[in-house]
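Numbering (my numbering), first residue to last: 3 to 218.
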């Protein structure tokens with residue numbers, strides 16, 4: 003796993019230290035305040051940031067590994083789904099086996115929320131949650147990177163060029179194969195960016211990348 007340390011999600015021993023760092027990040031706390039108290043935060047930003055910090059510290063006080071971190075994230079997902087959707091349903095979950103691992107190659111309309119919904123349904127179905135591929139172009143803020151890696155996301159180096167890009171793609175492919183071979187589910191978008199015409203096609207480059215990790 004050491005060869006993947008720069009792209010892999012955080013592991014259990016890293017969870018608490020990263021979380022403690024987030025608890026002192028003003029930008030992160032401001033985002034939490036706006037999530038819980040949008041109107042009051044506009045009126046009293048400093049006070050509500052403190053209130054959000056206190057609430058969050060209470061929620062994560064028992065978090066010590068990735069599983070307990072995802073238990074907290076599930077609470078946030080519950081609130082978001084309740085506040086912003088009329089219904090959330092799925093089909094095919096009964097075809098998934100708990101003793102197998104799966105690679106989900108998916109279309110997407112929202113690169114953050116689409117895999118989050120899949121994760122939410124796997125979580126409540128008692129199945130292994132996903133490791134999620136996320137492009138480094140979406141990780142502009144350090145606290146966002148930390149949050150995503152706490153929630154089992156691994157990094158796709160979209161900003162790399164030339165030989166560096168080739169090396170990063172091979173490492174990415176090897177990591178995905180490692181996950182599948184060790185019983186972990188993986189989600190990756192079928193193409194970079196959303197389909198502009200609503201027609202979802204898997205980019206052949208993705209299939210080539212997946213094959214790289216199996217070359218001798």
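Beta carbons are placed, not taken as given, at the ideal position from N, Cα and C, and that holds for glycine.
What separation, rounded to the nearest whole angstrom, lies between the Cα atoms of residue i and residue j?
{"i": "residue 4", "j": "residue 172", "result": "15 Å"}
{"i": "residue 201", "j": "residue 112", "result": "15 Å"}
{"i": "residue 120", "j": "residue 109", "result": "12 Å"}
{"i": "residue 85", "j": "residue 79", "result": "10 Å"}
{"i": "residue 215", "j": "residue 174", "result": "8 Å"}
{"i": "residue 118", "j": "residue 95", "result": "15 Å"}
{"i": "residue 156", "j": "residue 212", "result": "15 Å"}
{"i": "residue 29", "j": "residue 45", "result": "17 Å"}
{"i": "residue 55", "j": "residue 22", "result": "11 Å"}
{"i": "residue 179", "j": "residue 206", "result": "18 Å"}
Please state whether DSSP places residue i in a helix, a strand or coil.
{"i": "residue 21", "result": "helix"}
{"i": "residue 157", "result": "strand"}
{"i": "residue 162", "result": "coil"}
{"i": "residue 190", "result": "strand"}
{"i": "residue 171", "result": "helix"}
{"i": "residue 133", "result": "strand"}
{"i": "residue 2", "result": "The structure shown has nothing for residue 2, since the chain only spans 3 to 218."}
{"i": "residue 102", "result": "coil"}
{"i": "residue 72", "result": "helix"}
{"i": "residue 46", "result": "coil"}
{"i": "residue 65", "result": "coil"}
{"i": "residue 90", "result": "coil"}
{"i": "residue 10", "result": "coil"}
{"i": "residue 185", "result": "coil"}
{"i": "residue 52", "result": "helix"}
Between which residues of its own chain and residue i is the CB-CB distance below 7 Å, once the five residues before and five after are set aside?
{"i": "residue 154", "result": "11, 68, 131, 132, 133 and 134"}
{"i": "residue 43", "result": "35, 36 and 50"}
Near residue i, which residues of its chain fall below 6 Å by C-beta distance, leaving aside the five closest residues on each side in sequence?
{"i": "residue 162", "result": "170"}
{"i": "residue 181", "result": "133 and 188"}
{"i": "residue 140", "result": "none"}
Can you give me the Cβ contacts of residue i inside the same chain, cut-off strictly under 8 Å, excluding the 5 residues immediately before and after it?
{"i": "residue 100", "result": "128, 129 and 130"}
{"i": "residue 83", "result": "90 and 122"}
{"i": "residue 74", "result": "61, 62 and 65"}
How close, in whole Å, do the beta carbons of residue i and residue j come, if the pair is a contact with beta carbons under 8 Å?
{"i": "residue 13", "j": "residue 103", "result": "So it is not a contact: roughly 18 Å between Cβ atoms."}
{"i": "residue 137", "j": "residue 160", "result": "4 Å"}
{"i": "residue 105", "j": "residue 188", "result": "5 Å"}
{"i": "residue 209", "j": "residue 193", "result": "Not really, about 11 Å apart at Cβ, beyond 8 Å."}
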